[in-house]
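Trainee: Shown below is the structure under consideration.
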Amino acid sequence: MTATTATLPSLIAPLQIWTELHRREPRLAGAAFLLLSLMPPTLFAMAVDTRTFNGVNIWIKPLKFQIALFIYLATLAWFAGWLPPEKLQSRKFRLYSCAVVAAVTLEIVWIAGASVFGVGSHYNVATPFMAMVYPLMGALAVLLTSMSLVMGVMFWRDRNSTLAPSFRLSLALGLVLTFVLTVIAAGTLSSLPDHWIGGTKSDAGGSAIFGWSRTGGDLRVAHFFATHAMHVIPLVGFVASLTLPDKAAARLVVATSIAFTAFVAAIFYQALSGAPFAPSLL
Amino acid sequence: MTLEAIFSVANMTALASWLALAASPLFPKAAILVAGRIVPLLLAVAYTGLIIAFWTRAQGGFDSLANVQLLFTMPEMVLAGWLHYLAFDLFVGAWETRTARDEGIPHLLLLPCLVLTFLFGPVGLLAFVALRAARTPSLKALTS
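Protein chains in written order, with the working numbering: chain A, 3 to 284; chain B, 17 to 160.
The structure is reproduced here in structure tokens:
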């Protein structure tokens with residue numbers, strides 16, 4: 003067996019990560035895995051389909067949402083392993099996590115379904131059905147994002163945690179900020195007729211990977227950074243908790259949270275004023 | 017990627033997997049893994065991609081023979097249908113191979129069933145189930 007594990011490290015490592023993720027929170031981990039399994043057929047569809055939407059291949063958007071929600075759910079499942087097991091196994095939390103997974107499922111079906119039919123998902127109110135679905139999907143998006151708020155509060159309240167206090171603080175602040183900042187950025191973005199402010203209203207010629215506008219404001223940038231508070235702040239907290247005395251680490255976590263919020267606010271304001279994010283960089 | 021290229025790659029991959037099944041006594045585990053899982057799933061990915069990309073632009077449907085014929089006037093749907101054959105036939109071929117090994121059916125008797133399944137799917141399935149039942153006169157051979 004030792005020989006097998008030694009010769010197949012590239013196969014074994016993801017399997018071990020997946021096993022650990024599933025042990026930490028089976029529902030969020032399972033949903034993350036299902037999102038991963040959607041990516042190969044979506045990539046294949048992208049390779050054979052020549053239809054475009056907003057100037058780029060029609061399957062780019064479903065793929066982006068699959069990747070984004072995969073990262074979101076996998077991160078939450080990983081973090082959940084640091085919460086008290088009895089809290090995760092309570093009936094209330096299990097039902098809630100099922101509701102979040104259901105919300106993710108419906109969002110993904112809506113977005114991929116729109117690409118199957120060659121129409122838009124967000125902002126599409128062209129038919130009575132799609133006009134009815136769009137606000138519903140907005141509500142479901144808030145529901146799925148609320149998982150970060152709930153888990154952030156659970157970390158905040160978990161006084162008996164064995165985590166370093168500064169790291170626990172970074173998890174609480176990062177997760178709560180993901181919810182608050184995302185709801186503000188994404189709420190604004192979805193209440194407008196589209197996410198562009200000035201500039202060319204197309205993803206063609208947008209930034210590498212993300213497709214953000216390089217000619218005008220694009221509210222998706224603020225949404226992106228807002229949602230990644232749950233990665234940036236805990237990462238700083240993790241490193242700080244290992245390298246600094248705990249008081250100093252906690253102060254660094256608070257300072258990072260304030261600075262990150264200010265950064266997201268600045269990016270948000272930049273887009274609202276019609277300026278592209280970093281056209282020479284991305 | 018052109019449809020013709022997808023067709024060629026899929027055909028060659030399936031053919032290689034069938035050869036692996038035919039030679040499976042040499043490497044039983046690898047043959048079942050490749051022909052029973054990996055290649056059918058790769059074909060399923062391609063099939064799924066074609067369906068989600070082209071289904072809404074196809075005419076026809078599943079509800080009448082005329083509509084099925086209409087569906088298969090679109091090259092993308094013909095290719096998807098072909099991948100469907102390749103994937104499911106291979107999956108069945110791997111099942112036959114594994115079942116034959118589990119039940120001690122000689123490989124030489126399995127081989128004609130594999131050839132029939134490769135060429136005419138259901139004919140091979142029929143032949144294999146009949147062979148199984150002929151060797152063990154019990155209901156289990158027909159129902160499990």
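By construction, the Cβ of each residue, glycine as well, lies at the ideal position given by its N, Cα and C atoms.
These figures come from a predicted structure and were not determined experimentally.
Tell me, which residues are paired with A/Thr-54 by DSSP?
Mentor: Taking the first residue of the first sequence as 1, we reach residue 54 of chain A at position 52. Paired residues: A/Asn-59.
Trainee: Just to confirm, is the Cβ distance from A/Leu-194 to A/Leu-221 under 9 Å?
Mentor: On the first sequence, residue 194 of chain A is found 192 positions in, with the first residue counted as 1. On the first sequence, residue 221 of chain A is found 219 positions in, with the first residue counted as 1. In this structure, A/Leu-221 lies closer than 9 Å to A/Leu-194 by Cβ.
Trainee: Could you round the C-beta distance between A/Leu-40 and A/Phe-157 to whole angstroms and report it? I think they count as a contact, below 8 Å.
Mentor: Residue 40 of chain A sits at position 38 when you count from the first residue of the first sequence. Residue 157 of chain A sits at position 155 when you count from the first residue of the first sequence. With 8 Å as the limit, A/Leu-40 and A/Phe-157 do not qualify as a contact, their Cβ atoms being about 30 Å apart.
Trainee: Given this structure, state the Cα-to-Cα distance separating B/Ala-36 from A/Ser-92, to the nearest angstrom.
Mentor: Locating residue 36 of chain B in the second sequence gives position 20, counting from the first residue. Locating residue 92 of chain A in the first sequence gives position 90, counting from the first residue. Their backbone Cα atoms lie some 50 Å apart in a straight line.
Trainee: Per DSSP, what kind of secondary structure is B/Tyr-105 in: helix, strand or coil?
Mentor: Mapped onto the second sequence, residue 105 of chain B falls at position 89. The question names Tyr, yet the displayed sequence has Asp at residue 105 of chain B. Helix.
Trainee: How long is the line joining the alpha carbons of A/Ala-206 and A/Phe-181, rounded to whole angstroms?
Mentor: Taking the first sequence and counting its residues from 1, one reaches residue 206 of chain A at position 204. Taking the first sequence and counting its residues from 1, one reaches residue 181 of chain A at position 179. Their Cα atoms are separated by approximately 30 Å.
Trainee: Would A/Ser-163 count as contacting chain B if we go by Cβ distances under 9 Å?
Mentor: Taking the first residue of the first sequence as 1, we reach residue 163 of chain A at position 161. Closer than 9 Å: no.
Trainee: Using a cut-off of 7 Å between C-beta atoms, extract the partners of B/Gly-120 located in chain A.
Mentor: Residue mapping note: residue 120 of chain B aligns to position 104 of the second sequence, counting from 1. The premise fails here: B/Gly-120 is roughly 28 Å from chain A at the closest Cβ pair, so nothing lies under 7 Å.
Trainee: Determine the DSSP secondary structure at B/Ile-121, reduced to helix, strand or coil.
Mentor: Within the second sequence, the letter at position 105 stands for residue 121 of chain B. In the structure shown, B/Ile-121 sits in coil (DSSP, three-state: anything other than H, G, I, E or B).
Trainee: To which residues of the same chain is A/Asp-196 closer than 8 Å at the C-beta, ignoring the five residues directly before and after it?
Mentor: In the first sequence, residue 196 of chain A corresponds to position 194, counting from 1. Counting only Cβ-Cβ distances below 8 Å, and skipping sequence neighbours, we find Tyr-125 and Lys-203.
Trainee: Determine which residues share a DSSP beta bridge with A/Trp-198 and list them.
Mentor: In the first sequence, the residue the question calls residue 198 of chain A occupies position 196. Bridge partners of A/Trp-198: A/Asp-220.
Trainee: Closer than 7 Å, Cβ to any Cβ of chain A: which residues of the stretch 44-66 of chain B, in chain order?
Mentor: The residues in question are Val-61, Ala-62, Thr-64, Gly-65 and Leu-66.
Trainee: Is it buried or exposed, A/Ile-113, if we count other Cβ atoms within 10 angstroms and call 16 or more buried?
Mentor: Numbered from 1 along the first sequence, position 111 holds the residue referred to as residue 113 of chain A. With 16 or more Cβ atoms within 10 Å of its Cβ, A/Ile-113 is classed as buried.
Trainee: Under 6 Å Cβ to Cβ from B/Pro-56, same chain only, skipping five residues before and after it: list those, please.
Mentor: If you number the second sequence from 1, residue 56 of chain B lands on position 40. Cβ neighbours of B/Pro-56 beyond the five flanking positions: Ala-103, Leu-106 and Phe-107.
Trainee: If distances are taken between C-alpha atoms only, which option among B/Thr-89, B/Pro-122 and B/Leu-87 comes closest to B/Ala-39?
Mentor: The count along the second sequence starts at 1 and reaches residue 39 of chain B at position 23. The shortest Cα separation from B/Ala-39 among B/Thr-89, B/Pro-122 and B/Leu-87 belongs to B/Pro-122.
Trainee: Just reading off the alpha helix (DSSP H) that A/Gln-272 is part of, what are its end residues?
Mentor: For this step, residue 272 of chain A is matched to residue 270 along the first sequence. Its alpha helix (DSSP H) spans residues 248-274.
Trainee: When you compare only the Cα positions, how much space is there between B/Pro-138 and B/Pro-128?
Mentor: Counted from its first residue, the second sequence places residue 138 of chain B at position 122. Counted from its first residue, the second sequence places residue 128 of chain B at position 112. Those two C-alpha atoms are separated by around 13 Å.
Trainee: Give me the chain A residues within the contact set of B/Ala-69, using Cβ-Cβ distance strictly less than 7 Å, ordered along the chain.
Mentor: The count along the second sequence starts at 1 and reaches residue 69 of chain B at position 53. The answer, in chain order, is Ala-47, Val-50 and Asp-51.
Trainee: According to DSSP, is B/Ser-154 helix, strand or coil?
Mentor: Sequence index remark: in the second sequence, residue 154 of chain B carries index 138 (1-based). Coil, per DSSP.
Trainee: Using 10 angstroms around the beta-carbon of A/Ile-14, count the other beta-carbons present and answer buried if the total reaches 16, otherwise exposed.
Mentor: Translated into positions along the first sequence, residue 14 of chain A becomes position 12. By the neighbour-count rule (16 or more Cβ atoms within 10 Å), A/Ile-14 is not buried but exposed.
Trainee: Could you give the DSSP three-state label for A/Arg-279: helix, strand or coil?
Mentor: Indexing the first sequence from 1 puts residue 279 of chain A at position 277. Rather than Arg, the amino acid found at residue 279 of chain A in this sequence is Phe. A/Phe-279: coil per DSSP, three-state reduction.
Trainee: Using a Cβ-Cβ cut-off of 9 Å, state whether B/Glu-92 counts as contacting chain A.
Mentor: As a first step, residue 92 of chain B must be located in the second sequence, where it is residue number 76. Judged by the 9 Å Cβ criterion, B/Glu-92 is in contact with chain A.
Trainee: Identify, in the order they occur along the chain, each residue of the same chain with its Cβ nearer than 6 Å to the Cβ of A/Ser-163, setting aside the five sequence neighbours on each side.
Mentor: Here residue 163 of chain A refers to the residue found at position 161 of the first sequence. Arg-170, listed in sequence order.
Trainee: Mind checking A/Ala-5: buried by the 16 CB within 10 Å criterion, or exposed?
Mentor: The sequence position of residue 5 of chain A within the first sequence is 3, counting from 1. Reliability of the predicted coordinates at A/Ala-5 is poor, the pLDDT of 45 falling under 50, and no value is obtained from them.
Trainee: Compute the beta-carbon to beta-carbon distance between A/Val-185 and A/Thr-147, rounded to the nearest angstrom, for a pair I have assumed lies under 8 Å.
Mentor: Within the first sequence, residue 185 of chain A is the residue found at index 183, counting from 1. Within the first sequence, residue 147 of chain A is the residue found at index 145, counting from 1. Confirmed, about 7 Å.
Trainee: Taking B/Thr-162 as the query, report the chain A residues whose CB atoms sit under 8 Å from its CB, ordered along the chain.
Mentor: Residue coverage of chain B in this structure runs from 17 to 160, which leaves residue 162 of chain B outside it and unanswerable.
Trainee: Which of the three DSSP states is assigned to A/Met-48 in this structure?
Mentor: By 1-based counting over the first sequence, the position of residue 48 of chain A is 46. If DSSP states are grouped into helix, strand and coil, A/Met-48 belongs with the helices.
Trainee: Please report the distance separating the alpha-carbon of A/Ala-8 from that of A/Leu-23.
Mentor: What you label residue 8 of chain A is simply residue 6 of the first sequence in a count that begins at 1. What you label residue 23 of chain A is simply residue 21 of the first sequence in a count that begins at 1. Residue confidence is low: A/Ala-8 scores 49 on pLDDT, short of 50, so the model does not pin down where it sits. No coordinate-derived value is stated.
Trainee: Per the contact definition of three or more C-beta pairs closer than 8 Å, is the stretch 65-81 of chain A in contact with the stretch 30-39 of chain A?
Mentor: Touching, yes, given that three or more Cβ pairs across the two stretches are closer than 8 Å.
Trainee: 9 Å is my cut-off, CB to CB: does B/Met-17 come that close to chain A?
Mentor: One-based indexing of the second sequence puts residue 17 of chain B at position 1. It does; some Cβ of chain A falls within 9 Å.
Trainee: Rounded to whole angstroms, what is the Cα-Cα separation between B/Ile-48 and B/Leu-42?
Mentor: Within the second sequence, numbered from 1, the residue matching residue 48 of chain B stands at position 32. Within the second sequence, numbered from 1, the residue matching residue 42 of chain B stands at position 26. In a straight line, the C-alpha of B/Ile-48 is about 12 Å away from that of B/Leu-42.
Trainee: Near B/Ala-24, which residues of its chain fall below 7 Å by C-beta distance, leaving aside the five closest residues on each side in sequence?
Mentor: Position 8 of the second sequence, counted from the start, is the residue given in the question as residue 24 of chain B. It is Ser, not Ala, that sits at residue 24 of chain B in the sequence shown. Nothing meets the Cβ criterion.
Trainee: In this structure, how does DSSP classify A/Glu-88 when only helix, strand and coil are distinguished?
Mentor: In the first sequence, residue 88 of chain A corresponds to position 86, counting from 1. Helix at A/Glu-88.
Trainee: Which runs of the alpha helix (DSSP H) fall wholly inside the stretch 165-199 of chain A and span at least 4 residues, in chain order?
Mentor: Counting only runs of 4 or more, we get 167-193.
Trainee: If I measure Cβ to Cβ from B/Gly-77 and keep anything under 6 Å in the same chain, skipping five residues before and after, which residues do I get?
Mentor: For the purposes of this step, residue 77 of chain B is taken as residue 61 along the second sequence, with counting starting at 1. Taken in chain order, the residues that qualify are Asn-83.
Trainee: From A/Gln-272 to A/Met-139, what does the alpha carbon distance come to, in whole angstroms?
Mentor: Within the first sequence, numbered from 1, the residue matching residue 272 of chain A stands at position 270. Within the first sequence, numbered from 1, the residue matching residue 139 of chain A stands at position 137. Each residue's alpha carbon lies about 27 Å from the other.
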